[in-house]
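What follows is a short report on a single structure.
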Amino acid sequence: MPSELTTICRAARADIDVPATPLAAIRYGAAQRVAPPKQHRILPIVLSGFAIALVAAAVAGWKNTYVTLGHGYFTIRSQDIQYYNHPTTAELAEATKHADFHVMLPAGLPRGAKLTHFLRAGSSALLLFYSLPSSTHAERSAQIILANPKSFAFGSTPTPPNTKALKSFTGRHIVALFALPGEMVIVPQAGLTTKELNHMEQAMHMGHWRIVSSGGLYIENPTAADITNEARKTAFHVVVPSGFPAGSTVTFVGRSANGVALQYSLPGAWRADDHLAWVLIARKSVADNEIRRFMSHFPHGKVMARFDIGDETVVFPTSSLTKAEIAKIRRSMGLRQ
Amino acid sequence: MPHRPLVEVVEAARGGDPDERDALIEAVWPDAYRLAYTILRDKHAAEDAAQEACIVIYRSVETLRRADAFRTWFYRIVVREAGAVKRRRGEIAEALEATTHASDRETAIDVWRALATLPENLRIVVILRHFEELSSREIASVLRIPDGTVRFRLMVARRKLQPLLRDLWSTAPAATSEVHTHAI
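Protein sequence lines correspond, in order, to chains A and B.
Going left to right, the first sequence walks through residues 1 to 337 as the numbering used here numbers them.
Going left to right, the second sequence walks through residues 338 to 521 as the numbering used here numbers them.
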C-alpha cells in the first residue's frame with residue numbers, strides 16, 4: 001500500500017502537463033548521431049552486392065569507429081586503434097585498402113611535408129601526422145583526420161557499449177572540416193596556414209564546409225540554396241528573416257537541431273566598425289537554452305530584439321541594426337509591431 | 338488499437354522496425370518528461386532532457402539484451418540526461434532552495450519546495466521512490482549504488498520532509514491503487 005508521501009508525490013506528478021511527443025526531432029536527433037555498434041550490422045552498411053562474401057573475410061577484425069567534434073576538440077573512439085611510427089608506404093597502403101570508405105589521401109600539402117606517423121582507428125578513420133617545412137627553427141606539424149562520414153558526428157556521443165579500447169586526442173583548434181564524396185577531411189590543428197589550407201582544398205577538390213566551432217555546421221558565404229538546405233535540416237520549421245537593409249549579404253550560416261544562426265554583413269559606411277549583425281532563429285520550445293548558448297559567444301552582447309513567429313523565436317544580439325530596420329524586418333516577416 | 342504492455346513494445350522495438358521504435362517513444366515520452374521535469378523543475382529543460390533521453394533510447398534500444406531490463410535502463414538514461422542538462426544550465430533548483438528557509442518549516446509548503454530543500458543525493462532517491470514508484474532495489478540499479486544506501490537515504494529524506502509536509506501529510510487522500518499513470 002502506498003505511503004502518504006507517495007500519494008502526495010503521485011498527485012504532484014499527475015499534475016505535470018506533458019507536451020506532445022517531439023517524434024520528428026527525436027528521429028532526427030537519432031539519425032544525426034552515430035548508430036550504435038552492433039557488429040553483425042556493419043556489413044550491410046559498409047558493403048553491398050556481390051562483394052560482401054569476398055570482403056567480409058578482409059574486414060574481419062576491423063571494428064566500428066566514432067569520430068566526434070566538440071568544443072575545440074575531437075575524439076576518436078574505437079575498439080581497435082593501431083599506431084604506425086615512420087610508416088612504410090606499404091603500411092599506409094594496407095590501412096587505406098582495408099578502410100570502409102573511399103580514402104583520398106591529403107594532396108596539395110606544402111612541399112617537403114613528410115608523414116611521420118599515423119593511427120588507424122578501426123576501418124573508419126585514419127589520423128595522419130605530417131611534419132612541415134619551416135623557414136624558422138620552430139617545428140611545424142599538421143594533423144589530418146580522414147574518416148568515413150558514417151562514423152562522424154558533432155558534439156559528444158555516449159561511449160558505445162563494448163568499446164574496450166577508447167582513445168581520445170585533443171587539438172586546440174578545429175581549423176577546417178571538408179566533405180568529399182564518401183570521406184570527411186578534418187584538420188584539427190593550426191599547423192597549416194590559411195593559404196596552405198586553401199591550396200590543399202583546391203588540390204583535393206574539396207567542398208566548402210568549414211567549421212569554426214562545435215555543435216553544428218557553419219558555412220561561410222552561403223548561397224540562398226545553402227541557407228534553405230540548412231534550414232530544412234533542423235528539427236523545426238524555420239522562417240528565415242527577410243527585410244534586411246538592401247545590400248545586406250549573409251556571410252555565415254550555422255545550424256544545430258534546434259537553431260539556425262545567420263550573420264549578415266550590413267551596408268552603410270557609418271557601420272564601418274560594426275557592420276555585422278547576427279540573428280538566431282531557435283525552436284521555440286528550447287529557445288531559452290539555445291539563446292543562452294548563442295549569447296555566450298558575445299561576452300558583452302545583449303539581446304537587442306526578440307520576437308516569436310510560428311514555431312520559432314528570433315533573436316537579435318546588439319548590433320548596428322537600427323530600431324527602424326528591425327521594425328522593417330518584423331513587418332517583412334508578417335508580424336505586427 | 339488495444340493497449341500493449343510496455344515489455345511487448347520494447348521487444349518489438351528491439352527488432353529495429355522504425356514504426357515500433359516510434360511506438361516505444363510515444364509510450365515512454367510522458368514518463369521521460371515527467372521524471373525530467375521532477376528533477377529539473379523547468380519545462381524547457383525537462384523537454385530538452387527528455388528529448389535527449391529519447392534520442393538515446395531510439396538509437397540504442399536494439400542493443401538492449403533483454404526487454405525486461407528496459408525499465409532500469411530507461412530511468413538511468415533519463416536521470417543521466419537530466420543531470421547533464423542541469424549541469425549545463427546551472428543549478429536551477431538551487432534558486433528554489435535558497436528561498437526555503439528554516440522559518441518555512443513552521444508552515445505548510447508544497448511538495449516541490451519541500452523537495453528542493455533536500456540535497457541532490459537525497460532528492461533523486463525520493464523522486465525515484467515516491468514519484469516514479471521504483472523499489473529500492475531498482476533505484477540502486479538505476480543509480481548504481483548499494484541497496485542499503487538507497488534505504489538509508491530514503492529514511493533520512495523522509496525525516497527531513499515530514500515536518501515540511503506536515504499539513505499535506507495529514508490531508509493526503511486515502512491511497513488508492515487505481516491512480517497509476519505510469520507507462521513504465
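Even glycine gets a Cβ: it sits at the ideal position worked out from N, Cα and C.
Given the structure is predicted, the values throughout are model-derived calculations rather than measurements.
Among the options, the one whose alpha carbon lies nearest that of residue i
i, options, result
"E183 of chain A", "A:K150, A:E201, A:I16 and A:H199", "A:K150"
"I547 of chain B", "B:H381, B:R408, B:R503 and B:E418", "No statement about residue 547 of chain B is possible, as the shown extent of chain B runs from 338 to 521 and does not include it."
"K328 of chain A", "A:L132, A:A125 and A:G243", "A:G243"
"A350 of chain B", "B:W449, B:V487, B:V398 and B:R503", "B:V398"
"R255 of chain A", "A:T249, A:V238, A:W270 and A:T6", "A:V238"
"E312 of chain A", "A:S319, A:S332, A:A287 and A:F294", "A:A287"
"A324 of chain A", "A:V314, A:G310, A:A305 and A:I309", "A:A305"
"A225 of chain A", "A:V250, A:P245, A:A203 and A:W278", "A:V250"
"A261 of chain A", "A:A246, A:S248, A:V240 and A:G247", "A:V240"
"R469 of chain B", "B:D359, B:G353, B:L372 and B:D354", "Per the sequence shown, the amino acid found at residue 469 of chain B is Glu instead of Arg. Checking every option, the nearest Cα to that of E469 of chain B belongs to B:L372."
"T116 of chain A", "A:S134, A:P87 and A:E91", "A:P87"
"R283 of chain A", "A:R232, A:I145 and A:T194", "A:R232"
"T194 of chain A", "A:A142, A:F236 and A:D100", "A:A142"
"Q79 of chain A", "A:L128, A:N85 and A:V67", "A:V67"
"H275 of chain A", "A:L105, A:L119, A:S319 and A:T65", "A:S319"
"F316 of chain A", "A:I281, A:G310 and A:I309", "A:I281"
"I464 of chain B", "B:R474, B:L452 and B:D379", "B:L452"
"S285 of chain A", "A:M295, A:D308, A:S265 and A:P267", "A:D308"
"G247 of chain A", "A:S265, A:F236 and A:T234", "A:S265"
"K497 of chain B", "B:R460, B:L471 and B:G485", "B:R460"
"T454 of chain B", "B:S472, B:D354 and B:R495", "B:R495"
"E348 of chain B", "B:H381, B:G485, B:I376 and B:T400", "B:T400"
"A421 of chain B", "B:I376, B:T409 and B:P456", "B:I376"
"E357 of chain B", "B:P456, B:I394, B:T486 and B:D385", "B:I394"
"A383 of chain B", "A:I26, A:R27, A:A24 and A:P19", "A:P19"
"G112 of chain A", "A:T89, A:A99 and A:P133", "A:P133"
"V185 of chain A", "A:F118, A:M295, A:N229 and A:M104", "A:M104"
"P22 of chain A", "B:D385, B:S473, B:G353 and B:G352", "B:D385"
"D379 of chain B", "A:T89, A:L192 and A:D17", "A:D17"
"D359 of chain B", "B:R396, B:H381 and B:Y370", "B:R396"
"L109 of chain A", "A:V253, A:L197 and A:L5", "A:L197"
Near the ligand ZN: residue i beta-carbon under 7 Å from a heavy atom
i, result
"A287 of chain A", "Of ligands this structure carries none, so the ligand ZN is not represented either."
Per DSSP, the bridge partner or partners of residue i
i, result
"K423 of chain B", "K423 of chain B pairs with nothing; no bridge assigned."
"P317 of chain A", "A:V303"
"N85 of chain A", "A:H117"
"S131 of chain A", "A:K114 and A:S141"
"E312 of chain A", "A:R283 and A:I309"
"L126 of chain A", "A:R120 and A:L146"
"F411 of chain B", "According to DSSP, which records beta bridges pairwise, F411 of chain B is partnered with nothing at all."
"F152 of chain A", "A:V67"
Local Cβ density within 10 Å of residue i, reported as buried at 16 or more and exposed below that
i, result
"W270 of chain A", "exposed"
"W449 of chain B", "exposed"
"A258 of chain A", "Checking the displayed sequence, the identity of residue 258 of chain A turns out to be Asn instead of Ala. So N258 of chain A counts as buried."
"A107 of chain A", "exposed"
"L335 of chain A", "exposed"
"P423 of chain B", "Looking at the sequence shown, residue 423 of chain B is not Pro but Lys. Burial call: buried."
"A387 of chain B", "buried"
"Y83 of chain A", "exposed"
"P500 of chain B", "exposed"
"E290 of chain A", "buried"
"G216 of chain A", "Residue placement at G216 of chain A cannot be trusted, given a pLDDT of 44 that sits under 50; the coordinates are not used to answer."
"H467 of chain B", "buried"
"M200 of chain A", "buried"
"L502 of chain B", "buried"
"P222 of chain A", "buried"
"N148 of chain A", "buried"
"G61 of chain A", "Low confidence applies here, because G61 of chain A scores a pLDDT of 31, under 50, leaving its location unreliable; read the following figure in that light. Exposed."
"T65 of chain A", "buried"
"D328 of chain B", "Residue 328 of chain B lies beyond the range of chain B shown here (338 to 521); nothing can be said about it."
"P456 of chain B", "exposed"
"R490 of chain B", "buried"
"R292 of chain A", "exposed"
"R77 of chain A", "buried"
>> For the structure I just gave you, are there three or more beta carbon pairs, one from the stretch 87-100 of chain A and one from the stretch 118-126 of chain A, closer than 8 Å?
In response: Remark: three or more beta-carbon pairs, one from each stretch, lie closer than 8 Å, so the stretch 87-100 of chain A and the stretch 118-126 of chain A are flagged as touching.
> Pairing CB atoms from the stretch 404-420 of chain B with CB atoms from the stretch 472-485 of chain B, are three or more of them under 8 Å?
Replying inline: yes
>> Counting beta carbon pairs with one atom in the stretch 340-347 of chain B and one in the stretch 361-374 of chain B, are three or more of them shorter than 8 Å?
In response: yes
>> At 3 residues or longer, what runs of the beta strand (DSSP E) sit wholly inside the stretch 240-307 of chain A?
In response: 249-256, 259-265 and 276-283
> If you scan the stretch 467-506 of chain B from start to end, which runs of the alpha helix (DSSP H) of 4 or more residues do you find wholly inside it?
Replying inline: 473-480 and 484-501
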